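Numbering (this note's numbering), first residue to last: 734 to 1031. The beta-carbon is built from N, C-alpha and C at its ideal position, and this holds for glycine as well. These numbers come from a predicted model, not from an experiment.
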Amino acid sequence: MDLLSALSLGELALSFSRVPLFPVFDLSYFIVSILYLKYEPAVELSRRHPMASWLCAMLHCFGSYILADLLLGEPLIDCFGNNSSILLASAVWYLVFFCPLDLFYKCVCFLPVKLIFVAMKEVVRVRKIAVGIHHAHHHYHHGWFVMIATGWVKGSGVALMSNFEQLLRGVWKPETNEILHMSFPTKASLYGAVLFTLQQTRWLPLSKASLIFVFTLFMVSCKVFLTATHSHSSPFDVLEGYVCPVLFGMAWGGDHHHDNHGGSLSGGGPSSAHSALPTKSKEELSEGSRKKKTKKTD
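Rendered as structure tokens:
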């Protein structure tokens, strides 16, 4: 009891906000980010085109920094100035794709170990949102939307630039745009950016350390639970189911949800098969009619 009374929540939150992220937390962030790339059809790419695979891995690890620099008009290559982070991410990329017998991949994919890495990644995500908004506040003191946008891309920049990353792998799937089908991390980063912006502009009567601590607990709990249960749903679905029909007339992204790193949309259901048949038949009919017209003119 004496220990609990001596250690207040504010002091715990302040100590937590000062925990350095490099190298342990950053290592976990790199591992989970490159694991999502491993789930994509990128293994063959890594063998045939290792440079393209490495660039994709760097986008997964540093895409949020690139987008934030783009929004604030800063050099996009700034994130590659940290040699230690680049070397650490490159080492993780090499071990995930080229370790003999896939030993490293099998070890980090073991569910209890993976859950630890996922939890530590969310710690980094929340800290990046807070730092991004603080950085944007120096450039735009009253630019709420700039601060929200910067914090959002800091938390989910990898997902927001997923289509560009797909182009590096020779894939173009505009239907998987993250703006059209927001996953839980993207939505949570947006809501978190709003909260941290309110705190930065002193509209939220809460210290930044306490907000980081509380929001990190929320993100870690939700993401670990979703990963452990292999679920692609979102804790915001229930709230959005009530609010969005009132505000917008329909649910926000109510058609389907998917994890932004867990793979692309399958599109192999019965409805997609039925929708593909009429398109194919129209193409065949138009091709046949075109041939008939050419025969008549000949």
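Contacts around tryptophan 885, its chain only, beta-carbon distance under 6 angstroms, and the 5 residues preceding and following it disregarded = Numbered from its first residue, the sequence shown carries residue 885 at position 152. Counting only Cβ-Cβ distances below 6 angstroms, and skipping sequence neighbours, we find Ser922, Leu923, Ala926.
What's the C-alpha gap between leucine 836 and histidine 793?
-> In the sequence shown, residue 836 corresponds to position 103, counting from 1. In the sequence shown, residue 793 corresponds to position 60, counting from 1. Computed Cα separation, rounded: 22 angstroms.
Where serine 967 falls: helix, strand or coil (DSSP) = Here residue 967 is taken as the residue at index 234 of the sequence shown, counted from 1. Coil, per DSSP.
What are the boundary residues of the alpha helix (DSSP H) that glycine 925 is part of?
-> The residue you call residue 925 lines up with position 192 of the sequence shown. Per DSSP, the continuous alpha helix (DSSP H) segment holding glycine 925 begins and ends at 917 to 933.
The segment 841 to 854 in contact with the segment 761 to 770 per 3-pair CB rule at 8 angstroms | yes
Range of the contiguous alpha helix (DSSP H) that encloses glutamate 898 = Taking the sequence shown and counting its residues from 1, the one referred to as residue 898 is at position 165. According to the DSSP assignment, glutamate 898 belongs to the alpha helix (DSSP H) that extends over 895 to 901.
CB aspartate 882 to CB leucine 804, shorter than 8 angstroms?
-> By 1-based counting over the sequence shown, the position of residue 882 is 149. By 1-based counting over the sequence shown, the position of residue 804 is 71. The residue asked about is misnamed: residue 882 is alanine in this sequence, not aspartate. In contact: alanine 882 and leucine 804 (Cβ atoms closer than 8 angstroms).
How far does the alpha helix (DSSP H) with phenylalanine 755 in it reach, from first residue to last?
-> The sequence position of residue 755 within the sequence shown is 22, counting from 1. Premise fails: phenylalanine 755 is in no alpha helix (DSSP H) and is neither H nor E.
Residue span of the alpha helix (DSSP H) that contains histidine 793, given as start and end = If you number the sequence shown from 1, residue 793 lands on position 60. That run of the alpha helix (DSSP H) goes 783 to 805.
Could you pull the start and end residues of the alpha helix (DSSP H) that leucine 820 belongs to?
-> Counting from one through the sequence shown, the residue named residue 820 turns up at place 87. Segment 816 to 831, the alpha helix (DSSP H) holding leucine 820.
CB of leucine 809 within 8 angstroms of CB of isoleucine 819, strictly | Reading the sequence shown from its first residue, position 76 is the one you call residue 809. Reading the sequence shown from its first residue, position 86 is the one you call residue 819. No; because the gap between Cβ atoms is not below 8 angstroms, this pair is not in contact.
For chain D, is any of its Cβ atoms less than 8 angstroms away from the one on asparagine 896?
-> Here there is only one protein chain, and chain D is not present.
Cβ shell of alanine 824 (< 6 angstroms), same chain only, five flanking positions each side left out | For this step, residue 824 is matched to residue 91 along the sequence shown. Answer for alanine 824: no residue qualifies.
Supposed close pair serine 797, glycine 890 - CB separation, criterion 8 angstroms | Mapped onto the sequence shown, residue 797 falls at position 64. Mapped onto the sequence shown, residue 890 falls at position 157. So it is a contact: roughly 3 angstroms between Cβ atoms.
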